[in-house]
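Here the structure comes first, spelled out in structure tokens, and everything after it is commentary.
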Amino acid sequence: MGKDIKRVVRKDISKINLSVNIAGILMKNPVMVASGTFGYGEEYAKYIDLNKLGAIVVKGLSLTPREGNPPPRIVETSAGMLNSIGLQNIGIDSFVNDKLPFLEKFDTKVIVNFFGDSIDEYCEVAKKVDSVSGIHGLEMNISCPNKKEGWLEFGTNPDLAFRVVNAVRKNTRLPLIVKLSPNVTDITVIAKAASDAGADAISLINTLSGMVIDIKTRKPKLANIIGGLSGPAIKPVALKMVWQVAKTIKLPIIGVGGIMTYEDAIEFMIAGASAVQIGTANFIDPASSEKIIDGLKLYCGQNSIKDINEIAGSIAI
Amino acid sequence: MGKDIKRVVRKDISKINLSVNIAGILMKNPVMVASGTFGYGEEYAKYIDLNKLGAIVVKGLSLTPREGNPPPRIVETSAGMLNSIGLQNIGIDSFVNDKLPFLEKFDTKVIVNFFGDSIDEYCEVAKKVDSVSGIHGLEMNISCPNKKEGWLEFGTNPDLAFRVVNAVRKNTRLPLIVKLSPNVTDITVIAKAASDAGADAISLINTLSGMVIDIKTRKPKLANIIGGLSGPAIKPVALKMVWQVAKTIKLPIIGVGGIMTYEDAIEFMIAGASAVQIGTANFIDPASSEKIIDGLKLYCGQNSIKDINEIAGSIAI
Amino acid sequence: MRAIILENKIIGNSSLLKTRRDKYYKMRFSCDNFSVASPGQFVMIRVNNSYDPFLRRPMSIYRIPHHPTLKKGGRGGFEILYQVVGKGTNIMSELKKGDEIDVLGPLGRGFWIPEKIERAIIVAGGIGVAPMVALTEEIRCTMQDARCKITVFIGGKTKNDILCKENFKKIGAKVHIATEDGSMGKKGTSVDLFKTFITDSQSSIFNRQSSIIFACGPQRMLKAVADIARDKNMDCQVSLDKRMACGTGACLGCVVKVRSLEFGVRNSNPQSAIRNPQSYKCVCTDGPVFDAEEINL
Amino acid sequence: MRAIILENKIIGNSSLLKTRRDKYYKMRFSCDNFSVASPGQFVMIRVNNSYDPFLRRPMSIYRIPHHPTLKKGGRGGFEILYQVVGKGTNIMSELKKGDEIDVLGPLGRGFWIPEKIERAIIVAGGIGVAPMVALTEEIRCTMQDARCKITVFIGGKTKNDILCKENFKKIGAKVHIATEDGSMGKKGTSVDLFKTFITDSQSSIFNRQSSIIFACGPQRMLKAVADIARDKNMDCQVSLDKRMACGTGACLGCVVKVRSLEFGVRNSNPQSAIRNPQSYKCVCTDGPVFDAEEINL
Ligand SMILES: Cc1cc2nc3c(=O)[nH]c(=O)nc-3n(C[C@H](O)[C@H](O)[C@H](O)COP(=O)(O)OP(=O)(O)OC[C@H]3O[C@@H](n4cnc5c(N)ncnc54)[C@H](O)[C@@H]3O)c2cc1C
Ligand SMILES: Cc1cc2nc3c(=O)[nH]c(=O)nc-3n(C[C@H](O)[C@H](O)[C@H](O)COP(=O)(O)OP(=O)(O)OC[C@H]3O[C@@H](n4cnc5c(N)ncnc54)[C@H](O)[C@@H]3O)c2cc1C
Ligand SMILES: Cc1cc2nc3c(=O)[nH]c(=O)nc-3n(C[C@H](O)[C@H](O)[C@H](O)COP(=O)(O)O)c2cc1C
Ligand SMILES: Cc1cc2nc3c(=O)[nH]c(=O)nc-3n(C[C@H](O)[C@H](O)[C@H](O)COP(=O)(O)O)c2cc1C
Ligand code: FES
Ligand code: FES
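Protein chains in written order, with my numbering: chain Y, 1 to 317; chain F, 1 to 317; chain G, 1 to 297; chain C, 1 to 297.
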């Protein structure tokens, strides 16, 4: 890539606008790091300049700390991995007290990914951070089961999705991104429910449900039996869902799922995403997001695109 | 593998029972080739001894010939591929007249995969082949949209699934396998509907919906925009669904999705499959299915398993 | 089928380029039971055992040792010529002499050489020359008596993209070259050369009825050549390049639209015309070589 | 971080085996800015650029050139010792001198060597010796005055699985060997040897208070060693081996359960005790080396 970049005159590149406004969150570029794949930021501070990122979405937080699932929690698959971390986290208070101060030192947007076992818990978390400075947006992970109502996942039922998003909406003035689960028959129905309930943006996709078995022990390779599939393996599925949802609703869309290179990121933007999140790629190369930002610039330069926002939804069909 | 096999005494291996009875279809081993990946059998006759296969599931057939989708129809993805063949086929009559005679020469089971745009069309196809000798079973592909009732996919709605399976059931005495689409919120609901409607076995999964975009032209890489994802990329998803369905219903299950090696096949059997189908692997190595059969024997020998049926559903949790 | 690599080397001038990309390589294999293949046929190469890249890569057979007197148990072999354009070909370029790889083939239907042909015109763009060397050798072999004249038009972006010039000359073909930047031969494309040739020489130099055109290259080039051929009422065979998964006719992934029937199937290989009555044909088994009149380019 | 391979060769007797699988290799790297690492730390290696295999492979640092007086702009380096067990290590075994690969590290917290230790007991099973050579060298370096005695117990399936014997001897350690088939040393495991040693010599030969145990190997072996250490009230550090995705503490994939508090955290690295108050710790950042009392083996 280094060589290609040189072909484009440097001063042209510097004029290109990469900044995007997602639901009121003004990011210097459309590249965010995905929840659960970048810790609370400090884990990667040594490998990458956090100032370069459009936004950091922190590991999913709940009202109180969670222990998470027993190990083994991860297993490699073909062009991907399964995880069953089980949403281990330090709780929203510890985050605000112990982790946020570090993140505030950087010139990037901080987005709090959060979840709950009940509508009340979702609302409590939202309320807690509503007026915390240094938090620029919320991302609701609705792939969690509703403990109160029979463990049905919020994200797989449009009514439940509407209710939980609507309740949170009433409890926060922060930009509210809703992150969807791909494990549904029709993602546009859930996206519409979230949109109707007052979401400011939609991010998709979370992981696909999957499983691996050890044929020696005949046990699942994850203690939790089932885990979430991420990585390049799921990219075509994520891209299709982004395209479908972009056709259906008006909200800005954040594309996630298997993005490893800037070419992948461009595909998501062409399909209709206004921004992208880099997840598992961080594990493979901590500098992925930085390289993707450089690549976006390169692509714009080579294709005479002055503003990255021109790409979003520019699919030719 | 060659070396490993030798470690197991040959005569032990020859005593192992590999035969399985799936819904009355007695197969010499649990390895079938999946619909759409093995043509009508003759395409691979030169590369593999068809007599060795448990069964051949032929390319999906409809009442009349179908042209299929315009090209490009395939695109490679990470550890997988997308296809949008669009169910091109020669029609059930041509199959019976022109292709079946060739298949009858071999000592393997012939299973007709079929589909329709309406319940009537499904039934017509089933009726046509009900008394054709040389056809040992039917596999209904219910991932098709119902033309009459607003293009809703049969396989994504339990009521529709029940109705179409039930109607076909009344029109055939052949063993009836129902093949499920993975693009649903809860596959067990659809599996239960098919079971209640009189299916004799369930095969899963068909392909996951996906998409790829060419960032130079900004066009989808498939003329049909969307295609079906197959190959190792989807294996964890398929395995999880097999496990879920095996827990839920009593019918024999046929596992499909990303099986490339005998180890993969064993995983599916441990999860609950009584037989497996080899799909995309045929493209990568036409001898895949044969190698997998040899591998199953090897595994049984090494693990002192006398009958392959012992493995099905033997997951240790 | 296991094939052992006997040679894998850069050819042409492109070795001046800094990156591997766009370089051209020749790879020579030794391979059991690979002794009969016809020009225009191809193989599907599995570049390694990983699932990424996943599919096999189709590659035309560039040269087949012409029916060497194989000893019993002897090995056949073949050569390919390839351009590094992506993941798979990049991995191929790293393979070394002695490495083993998995090859499926020979596959497909190659060119068919009509009897009593007095002139063969070959039009090749870029890496499209790959199957044309074997074809030219075959024409020379089978048509020796007829003293068939062979005229070859090769086009490429720059002089670095002009391959096999010497091979053709050695066989006794007349070679015309065009490059887009004019760095070798005429400035332009092989189609430009071909068009000029046809136009200039149509009445005087040769008999169109006993001539035939063979073309391989980008889709657009093939279309242009086919259009000229139709216009001049000449026979034309084209070798198509489509994405493939199986290479055996099983997946129906590589299809090309058949021309609607009113156009007729002039001079088509009769076998192929019967085999597939549908409106799509498989490039991997019905082709990759088609009569230009048979298909929709 | 790009690292250049300086050497990648089979070690030990396992070269007698027919397949690559289960062979042991040593790989030596040259690498910018890699000059400071401590024994027990590891690197994450990306074996190639493909997505299959997908994740990086964790590998202990086997040897670090001891603080070479690096010239300005000079390069550091390190060595690893690995066993071919699957896809990733198989690809590694095919790498050649001069190849470049991507390495992340040094990562994690290694062994910590308490002051005033008179005896270090090292127990290693199989490839678990890998980090122990660097550790022994470090002990020798830092403890020279104390004349710390080092006793090493190495276990393996057969004599082919006994590695680094000579390295330890060279450093002046006393080496005891056990193999499961008795083909070298005592028949049994390194734990057996260690147990006998502790039992025989407990009162007479050494002072348990000023001794420390370092162990690396399969989980079951570590548990056995830790149980004995607890029983004898001795300090024990273990290096754990868990599946990892990020290696940086971000994914929370590699966790190990912390022992419930009533057991206390005797002699634990104080830093670690404060850092993670939860009931799971990350092996990649809180470890891979833990005080055996800290975690649930
Ligand atoms: C019948 C036939 C004969 C061919 N003969 C030759 C030859 O002799 N020499 C040569 O250099 N090339 C030839 N090609 C093209 C060659 O197959 C592609 O260049 C090659 O597959 C690219 O692989 P890659 O991994 O480097 O590129 P990538 O772009 O990474 O490949 C991605 C996917 O697209 C497919 N693909 C990419 N480009 C093409 C293409 N042009 N045609 C078909 N599929 C493509 C690949 O097979 C793969 O599945 C031939 C193609 C066909 C169909
Ligand atoms: C901190 C640490 C240090 C290590 N040091 C060494 C060393 O010095 N020498 C050495 O030979 N091995 C070492 N290992 C084990 C080594 O990482 C695995 O043997 C290797 O990852 C296997 O990869 P593979 O692709 O060959 O096997 P595969 O079985 O194909 O790997 C599949 C997946 O499982 C993971 N995996 C498989 N086995 C292990 C294992 N034992 N530990 C952790 N993950 C595993 C792989 O990383 C990969 O993600 C260490 C492991 C850890 C956690
Ligand atoms: C280890 C791991 C942990 C994750 N944790 C969370 C989380 O806490 N909250 C959330 O919304 N998504 C979580 N995700 C999902 C990712 O944010 C992302 O949606 C998914 O991995 C797909 O993107 P990718 O293929 O780029 O990784 C996690 C993913 C991984 C791999
Ligand atoms: C090219 C192609 C064509 C297919 N055609 C059919 C079909 O006609 N009917 C059907 O039920 N499934 C069809 N399938 C789905 C496969 O039978 C199988 O369910 C799916 O590919 C997953 O298995 P795999 O990953 O082993 O390929 C097709 C798959 C491919 C790749
Ligand atoms: S490539 Fe499969 S039919 Fe041609
Ligand atoms: S490997 Fe990711 S936290 Fe340890």
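We put the CB at the ideal spot given by N, CA and C, even for glycine.
Beta-carbon spacing of residue i, residue j below 9 Å
i, j, result
"Gln88 of chain F", "Glu121 of chain F", "no"
"Asn207 of chain G", "Arg119 of chain G", "yes"
"Ile117 of chain G", "Ile228 of chain G", "no"
"Ala246 of chain F", "Ala273 of chain F", "yes"
"Ser183 of chain G", "Lys159 of chain G", "yes"
"Leu138 of chain Y", "Val112 of chain Y", "yes"
"Leu229 of chain F", "Pro182 of chain Y", "no"
"Ile142 of chain Y", "Leu100 of chain Y", "no"
"Pro131 of chain G", "Ser60 of chain G", "yes"
"Ala193 of chain Y", "Val165 of chain Y", "yes"
"Thr179 of chain G", "Lys169 of chain G", "no"
"Val36 of chain G", "Pro114 of chain G", "no"
"Pro71 of chain Y", "Gly253 of chain C", "yes"
"Ala292 of chain C", "Leu222 of chain C", "yes"
Residue i: first and last residue of the uninterrupted beta strand (DSSP E) it sits in
i, result
"Ile55 of chain Y", "The question names Ile, yet the displayed sequence has Ala at residue 55 of chain Y. First-last of the beta strand (DSSP E) with Ala55 of chain Y: Ala55 to Val57."
"Ser195 of chain Y", "First-last for Ser195 of chain Y: Ile187 to Asp196, but that is the alpha helix (DSSP H), not the beta strand (DSSP E)."
"Leu204 of chain Y", "Ala201 to Leu204"
"Leu26 of chain Y", "Ile25 to Met27"
"Glu118 of chain C", "Glu118 of chain C -> no beta strand (DSSP E), and no H or E assigned at all."
"Leu50 of chain F", "Where Leu50 of chain F is concerned, there is no enclosing beta strand (DSSP E), given that its DSSP letter is neither H nor E."
"Val283 of chain G", "Counting along the chain, Val283 of chain G falls outside any beta strand (DSSP E), and DSSP gives it neither H nor E."
"Asn113 of chain F", "Lys109 to Phe114"
"Lys23 of chain C", "Taken as a continuous stretch (DSSP letters only), Lys23 of chain C belongs to no beta strand (DSSP E), as it is neither H nor E."
Sheet register partners of residue i (DSSP bridge)
i, result
"Gly88 of chain G", "Per DSSP, none; premise fails for Gly88 of chain G."
"Lys96 of chain C", "The partner list for Lys96 of chain C (beta bridge, DSSP) is empty, contrary to what the question assumes."
"Cys303 of chain C", "For chain C, the structure presents residues 1 to 297; residue 303 of chain C sits outside this window and is missing."
"Cys31 of chain C", "C:Ala3 and C:Gly76"
"Gly255 of chain F", "F:Leu204 and F:Val276"
"Thr77 of chain Y", "Y:Gly80"
"Asp102 of chain C", "C:Arg2 and C:Arg46"
Endpoints, the alpha helix (DSSP H) within which residue i is located
i, result
"Leu229 of chain F", "Looking at the DSSP string, Leu229 of chain F is not in any alpha helix (DSSP H); the run it does join, the beta strand (DSSP E), is Ile226 to Ser230."
"Thr299 of chain C", "Lying before the first or after the last residue shown, residue 299 of chain C is absent from chain C, which here runs from 1 to 297."
"Lys247 of chain F", "Lys235 to Thr248"
At what residue ranges does the stretch 261-295 of chain Y contain a whole run of the beta strand (DSSP E), taking only runs of 3 or more?
275-278
Anything in the stretch 74-89 of chain F with a Cβ closer than 8 Å to a Cβ of chain Y? List those residues in chain order, please.
Thr77, Ser78, Ala79, Gly80 and Leu82
Can you give me, in chain order, the residues of the stretch 241-257 of chain Y that have a beta carbon less than 8 Å from any beta carbon in chain C?
none
For the stretch 268-292 of chain F, list every residue whose C-beta sits within 8 Å of some C-beta in chain G, in sequence order.
Thr280, Asn282, Phe283, Ile284, Asp285 and Pro286
Complete beta strand (DSSP E) runs within the stretch 116-191 of chain F (minimum length 3 residues, chain order)
137-141 and 176-179
Would you list, in chain order, the members of the stretch 117-151 of chain F that have their beta-carbon closer than 8 Å to a beta-carbon of chain Y?
none
Between the stretch 163-179 of chain F and chain Y, which residues of the former have CB atoms less than 8 Å from a CB of the latter, in chain order?
none
For the stretch 92-110 of chain F, which residues have a beta carbon sitting closer than 7 Å to at least one beta carbon of chain G?
none
Taking a Cβ distance cut-off of 7 Å, strictly less, list which residues of the stretch 33-52 of chain G are near chain C, in chain order.
Ser50, Tyr51 and Asp52
Would you list, in chain order, the members of the stretch 217-246 of chain G that have their beta-carbon closer than 9 Å to a beta-carbon of chain F?
Lys242, Arg243, Met244, Ala245 and Cys246
Compile a chain-ordered list of the residues in the stretch 202-235 of chain F whose CB is closer than 7 Å to at least one CB of chain Y.
Leu208, Ser209, Gly210, Met211, Val212, Ile213, Ile215, Thr217, Arg218, Lys219, Pro220, Ile225, Ile226, Leu229, Pro232, Ala233 and Lys235
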